Structures are given as C-alpha cells and as structure tokens.
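Enquirer: Sharing a structure below in structure tokens format, with a few things to ask.
Chains as they are written, first to last, in our numbering: chain Y, 1 to 185; chain D, 1 to 476.
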C-alpha cells in the first residue's frame, strides 16, 4: 500500500517525544483505557505502517477513524506535533486503499433515508452531500467530526453513528450503575 | 515465539482486557525510550488476584511478563525485549485509603501521580515525589524506577516516601513488604529491594506511601550567570551552606537557546540560569532561605535576580525550565531529542566540570547536548540531539554516551539518578556496579528462577544498547 499523504511525515513522526501528556486529554482513551487508542499510540501505529513493521488492516484503520478531531491532543502536545493533520492524511490514505471502516463517523441507513437533505444543511463540517447519480447521501469520512448534529436532526432516524464511542446505551448504563455502586460503598 | 494461551488470559481478566492484534502489540512494545519491540499479548488486570493468576500461568509456561504503567520510561524498561505478555497496570488505579491519623495512604499500582495528589489536596497534604511526568506516571512505575523530580533536593526520591508494598512474586505468591509505620527494623528491607528493580523481581500491585503537609508559602527565585562555572559554584555554595532549597535547577546555554528559539520565551543570553525555591509553613523561614540563596548567588556573580511568592509569577519564572524537554525536540529541523545518557548524578562540587565535559563531548562527537537538571540533588540531565534517521549518528551517540559515563564514574557519580537503567544505560550501569553485579544476578535468580519477570534488562541487558532492540527511528 502506498501512503501518498502520510509518507511526508515519515521523518517528522519522531518529533513526538512520547511523553504521554496527550493521554489525559483524549476522550477515546478515557473510555477504553487502551494506550493503542491514545494519540501517542496512533502515531506509533502510523510510524509502524510507514516503516513496514505493521500491515494495514481493518482493526488498525478502525482505530484511526475513531479519532473525531477534537484536537485536544494538538492543543496540549508538549512537542507541538500536528497530530490531527497527520491523522487526516492517514484517513485519506486508508480510504484510498479501500478500507471500508467508519470509526466514530456518522452513517446513513438508506432504507430509512427520505433524502430530505436536512442532514446536509445541518452538517457544519460539510461532510454530508447528496450523490444525485446514485440517489443517496454520502458522508465524507475524513471531514466528519462525529459531532452528532446530523443524527439529532434527521427526522427519519436514518443518520446514525456509534453510540458512546463504541459502547451501547445498555453497556453505558451498566458502567454508570457499577460506578454508582462503587461510590455508595 | 512461545504460544500464549489467549483464551486462558481472557478467562482471567475478561475478553475485553486481552489483545494480541499486531497494532496493539506494537504500540505496547515501545515507551519513551529509543527502543521498540513487539509484545506477544497485552493484558489489563484489575485485581491483584488476577495478577497472581496471570503470573502463575506465565511462570508455568516460562513466558516473559513485563509490567507497564503509562510507558513514560525513558530507558526502555517497559519494552518487551524478549517478547511476552505486557501487563498494563493502569486499570488498578484505586486509591484505597487516606489515613490522616497515621499519615499514610494506600494505593494500587496503576494510580497516576497527579491523581493521587488531587485526592490528597483537600486534606492539605501531598505526595512529593513529583517527576516531570507526574500527569501520566503511575505509582507502580515510579517505585519500580525509584523516580524523583524537581523537589527531590528537599523531599527525596520514591524510596524516601515509601513505607510498604504488596508484590506478586514470580511464582504468583502475593507478599506484603514493609509496613505502614515510619520505622521498621524487622529483618531485610525487602520493600527497598523492589525500589528500582524495574519489574525484574516482582509485580508491584499496591503501595503504602507517606505524605507531607502542603507548604503554606513557596517562593521561587531566578539568577543569571555569565559563566557556567559561577552557577556551578553557587550550587555547591548553597548546598554546603545548610540552606534547604525545595528546588534548585540549572539550565545551560544550549537549553536557554532551545527554549528561546522554539518557545519565544525571551530568556537572557547567558551561560547559565539557576532557579532556586524554598517552601514552608512560616513566611519568615522561607524569606530566610531565599535571602540566603540569593546572597550566595550574588557572591558568585549571579545577576538579574528575581523572585516571587505569587503562584502565577512563579509559573512564569519556571516556564522556560518546564518547557525545556519539548523545546529540545523542536530545536533543529530533522534532529531528534533522545534520552540516552540523560540522568546521571555527580557530587555538587563536580557539576560544573560535568557540564563542561558534556559540551566538549558533544563537540567531539558531532551531536548537540545540553546540561540541565535537578542540581540540588546532584542530578544532571542531558538530551542528545541528533539526526536519528542517520545510521552514522548512532555511532556518534554511542561514543558520546560512553565518554559521558567514563567521566561520570571518574567524578564519583552514578549512571542514573531517576530514570532507571532499562536497556539504554545497561552498559554503563554494568561497569559502575561491576563489583556487585554477581549479587544482583544471584538475587534475580533466587526470586525469579525461570527468568520471566521483565527479562533482558539491567544487568541482563545487551552490552551494545544500540543493537539491543530495533530503534524507533527510520534509520537509513
């Protein structure tokens, strides 16, 4: 696989001093607790892709698309690494290579969609558009920042995205219950 | 590669807490050091019983097991150099007890330093170890590396705040070491043996720590010096005067240039800046300490001396030092900031000599090096800035590191003050401790006969640190 966009970072990824200061600012890490979900972890993965030590697969691609560009890591990176710019290039490359992953980006259930275009006009990131030829709503997975506006605005319930960063409401409720039990004890 | 029974591990900690897919094993195969390797599996226990079961399994199958906090270590301690199971301890992050009457707290190994201090703050006390990485460093990792930080000059290293431990030994047995009392003379101090053992003797699962009152007053001063030697003399004068600084930091001109260049901090163009701080519950006492240190700096031609009690002003005065490490990583295009010979300690009276030697060694070996650090505790940091993508630079770095340590030893210093040995510093450590290595190896053999606990580190690490693992740079 050719990393057309990502390869320009090959000699710059080492600017990350791996201090881990991004951990506490990453929502995804706070939910999952896995270092591989942190900005530092993802940068290491991308280095692995460029060096050939890792082969791209769906799991890896899914992880990269979980980042929804809140840019808290950019703001707090002690070495000022352009983290989300690097992730954007990685997303473009992975899509070009044909990886059909969604991460936290929004999707559309075509059977439910009435093509009302409300989601298109609601999307502040200009990630949603109407594909006239195929009569469907298209989501630009690089532009989508998983804000959820389209999901909230869609009158047909057609726009959807992963709930709670990968947790279902049921799982989230269980976690809250366990937390409250812990507090009560 | 030995086969890891993933299903068995999942039965112990739950399916969601075991991963062995390549990208996860790759991420958990590196830390803040220059080294990288692949883990065979990553497991996240939540209880000490789970740790015991995992260790028992690893011991029966002779699978390496590498405990890991946040992976902020700089010497490769958490890199699975021989593969194996990486034990991510971050889920064991409960603060179990804050006992104000008996002045101790009891925490699990995965508690993050800053989180502990946030919990202690309402009670007017703090855990004072304060490594620069306190926002990610876990207590277990700090103990395993005998970490310290800017306030070690007054409050010491982890070993000075540690009262007791619970440790899972190599056969899976859970043992209590030390106790919650301030003093103990009941036999071998095995809790101390675990301090700085870097996960090679046991898996730390719980710790009993001392805390101290948060000082009511804190005053930070800054002095500039046109000659590095004068700053060095001021350090020695302060420390031998009986003054009790709570922080005493040095920045050399490379460090000053780096901060000015990348952060636009406007620090003065001098050979050295010294930062000194005093804290306490009585303002007059803090005044006394600050005046004493100010006078000693002036006697050594220190100038432009400023100091402040105000928290915001102190933050501003310290900003240059605080931002130094990241500033160094942006010092020069395509240059990497590497942690190699980066935390030696030398006697106070030798600090200037050491700093000069570091500059000479850098010039001789075609790399850029800075000298800064917690000089009040004798700790001097260097970072080697080099084109890490060029093969030849690693030979340069290797020579520079070797020369640094020859000088450290000849000056009566020690290889590591606070970052630990791991892989990068093993050759120098082995030379320094040549007369006691056989006892260390005997202890390791006795406690871990199957050599499963973080194998291949410290005395068992390769002599050539550059070839110890694949380097985490695109070396051409």
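For every residue, glycine included, the Cβ atom is placed at its ideal position computed from N, Cα and C. These numbers come from a predicted model, not from an experiment.
Can you tell me which of the three DSSP states residue 161(Y) falls into?
Expert: Three-state result, residue 161(Y): coil.
Enquirer: Locate the alpha helix (DSSP H) running through residue 25(D), then write down its first and last residues.
Expert: Note, residue 25(D): alpha helix (DSSP H), 22-27.
Enquirer: Quick one: using the 10 Å Cβ neighbour count with 16 as the cut-off for buried, is residue 418(D) buried or exposed?
Expert: Classification of residue 418(D): buried, given that the 10 Å Cβ count is 16 or more.
Enquirer: Ignoring anything shorter than 4 residues, give me the alpha helix (DSSP H) runs that lie fully in the segment 113-152 of chain D, in order along the chain.
Expert: Entirely contained in the segment 113-152 of chain D, the alpha helix (DSSP H) runs reaching 4 residues are, in chain order, 113-120, 139-145.
Enquirer: For residue 11(Y) and chain D, any beta-carbon pair shorter than 8 Å?
Expert: Closer than 8 Å to some Cβ of chain D, the Cβ of residue 11(Y) qualifies, so yes.
Enquirer: Please list the partners that residue 179(Y) has in chain D, where partner means a Cβ-to-Cβ separation under 9 Å.
Expert: Correct list: empty, because the minimum Cβ distance to chain D is about 12 Å.
Enquirer: On the DSSP bridge assignment, give the partners of residue 187(D) in chain order.
Expert: DSSP, once it has assigned bridges, lists no residue as partnering residue 187(D).
Enquirer: Could you tell me which chain D residues have their CB closer than 9 Å to the CB of residue 2(Y), listed as they occur along the chain?
Expert: Neighbours of residue 2(Y) on chain D: none; closest Cβ ~17 Å, over 9 Å.
Enquirer: Going along the chain, which residues of the segment 38-53 of chain Y sit with their C-beta nearer than 7 Å to a C-beta in chain D?
Expert: Those would be 41, 44, 45, 48, 51, 53, in chain order.
Enquirer: What residues in the segment 12-30 of chain D have a beta carbon less than 8 Å from any beta carbon of chain Y?
Expert: Listed by position along the chain: 19, 21, 22, 23, 24, 26, 27, 28, 30.
Enquirer: Could you work out which residues of chain Y lie near residue 91(D), taking near to mean beta carbons separated by less than 8 Å?
Expert: Per Cβ cutoff of 8 Å: 33.
Enquirer: What distance in whole Å lies between the Cβ atoms of residue 84(D) and residue 534(D), which are believed to be in contact at a cut-off of 8 Å?
Expert: It is not possible to answer for residue 534(D), since the shown part of chain D is limited to 1 through 476.
Enquirer: Please state the DSSP three-state secondary structure of residue 421(D).
Expert: In the structure shown, residue 421(D) sits in coil (DSSP, three-state: anything other than H, G, I, E or B).
Enquirer: Does DSSP classify residue 481(D) as helix, strand or coil?
Expert: Residue 481(D) falls outside the range modelled here, since chain D spans only 1 to 476, and no answer is possible.
Enquirer: Using 8 Å for Cβ pairs, my map puts residue 162(D) next to residue 191(D). What's the rounded Cβ distance?
Expert: Yes, they are in contact, since the Cβ atoms of residue 162(D) and residue 191(D) sit about 6 Å apart, within 8 Å.
Enquirer: Counting beta carbon pairs with one atom in the segment 361-373 of chain D and one in the segment 426-445 of chain D, are three or more of them shorter than 8 Å?
Expert: Output reads no: the segment 361-373 of chain D does not touch the segment 426-445 of chain D.
Enquirer: The alpha helix (DSSP H) that contains residue 233(D), what's its start and end?
Expert: Per DSSP, residue 233(D) belongs to the alpha helix (DSSP H) from 228-240.
Enquirer: Under 8 Å, Cβ to Cβ, is there at least one residue of chain D near residue 14(Y)?
Expert: So yes, residue 14(Y) belongs to the interface.
Enquirer: If we ignore side chains and look at the alpha-carbon of each, how far apart do residue 9(Y) and residue 333(D) end up?
Expert: Approximately 13 Å, taken between the alpha carbons.
Enquirer: For residue 21(Y) and chain D, any beta-carbon pair shorter than 8 Å?
Expert: It does: the Cβ of residue 21(Y) has a partner Cβ on chain D nearer than 8 Å.
Enquirer: Only counting the same chain, and skipping five residues up and downstream in sequence, which positions put a Cβ closer than 8 Å to that of residue 479(D)?
Expert: Coverage of chain D is limited to positions 1 through 476, which leaves residue 479(D) absent and any answer about it impossible.
Enquirer: Pop quiz: residue 343(D) and residue 416(D) are said to be a contact at Cβ under 8 Å. What is the actual Cβ separation, rounded to whole angstroms?
Expert: That belief holds up - the Cβ atoms of residue 343(D) and residue 416(D) are roughly 5 Å apart, short of 8 Å.
Enquirer: Of all the alpha helix (DSSP H) runs that stay within the bounds of the segment 331-380 of chain D, which reach a length of 4 or more residues?
Expert: Fully enclosed alpha helix (DSSP H) runs of 4 or longer: 351-364.
Enquirer: Taking buried to mean at least 16 other C-beta atoms within 10 Å of its own C-beta, is residue 281(D) buried or exposed?
Expert: Burial call: exposed.
Enquirer: When you compare each of 290(D), 37(D), 158(D) to residue 244(D) by their alpha carbons, which one comes out closest?
Expert: Nearest of 290(D), 37(D), 158(D) to residue 244(D), Cα basis: 290(D).
Enquirer: Taking contact to mean at least 3 C-beta pairs separated by less than 8 Å, is the segment 298-312 of chain D in contact with the segment 218-226 of chain D?
Expert: Yes, since at least three Cβ pairs between the segment 298-312 of chain D and the segment 218-226 of chain D fall closer than 8 Å, the two stretches touch.
Enquirer: Could you give the distance in angstroms between the alpha-carbon of residue 228(D) and the alpha-carbon of residue 251(D)?
Expert: Looking at the two C-alpha atoms, the distance is approximately 9 Å.
Enquirer: Can you tell which of 81(D), 74(D), 69(D), 11(D) has its C-alpha closest to the C-alpha of residue 452(D)?
Expert: Residue 452(D) has its Cα closest to that of 81(D), out of 81(D), 74(D), 69(D), 11(D).
Enquirer: When we look at the beta-carbon of residue 485(D) and count the other beta-carbons within 10 Å, is it buried (16 or more) or exposed?
Expert: In the structure as shown, chain D begins at 1 and stops at 476. Residue 485(D) is therefore absent and cannot be evaluated.
Enquirer: What residue does the alpha helix (DSSP H) around residue 172(D) start on, and which one ends it?
Expert: From DSSP, residue 172(D) is part of no alpha helix (DSSP H); its letter is neither H nor E.
Enquirer: If we define contact as Cβ-Cβ less than 8 Å, is residue 63(Y) a contact residue for chain D?
Expert: It does; some Cβ of chain D falls within 8 Å.
Enquirer: Along the chain, where does the alpha helix (DSSP H) that runs through residue 41(D) open and close?
Expert: No alpha helix (DSSP H) contains residue 41(D), which is instead part of the beta strand (DSSP E) from 41-43.
Enquirer: From the DSSP output, in three-state form, read off residue 386(D) for me.
Expert: Of the three classes helix, strand and coil, the one that applies to residue 386(D) here is strand, per DSSP.
Enquirer: Let's see if you can read the secondary structure: which residues bound the alpha helix (DSSP H) around residue 225(D)?
Expert: Element bounds for residue 225(D): not the alpha helix (DSSP H) but the beta strand (DSSP E), 217-225.
Enquirer: Between residue 7(Y) and residue 50(Y), what straight-line distance do the alpha-carbon atoms span, to the nearest angstrom?
Expert: The alpha-carbon atoms of residue 7(Y) and residue 50(Y) are separated by roughly 7 Å.
Enquirer: Taking beta-carbon pairs under 7 Å, can you tell me which members of the segment 317-339 of chain D lie near chain Y?
Expert: The segment 317-339 of chain D vs chain Y, Cβ under 7 Å: 325, 326, 329, 330, 334, 336, 337.
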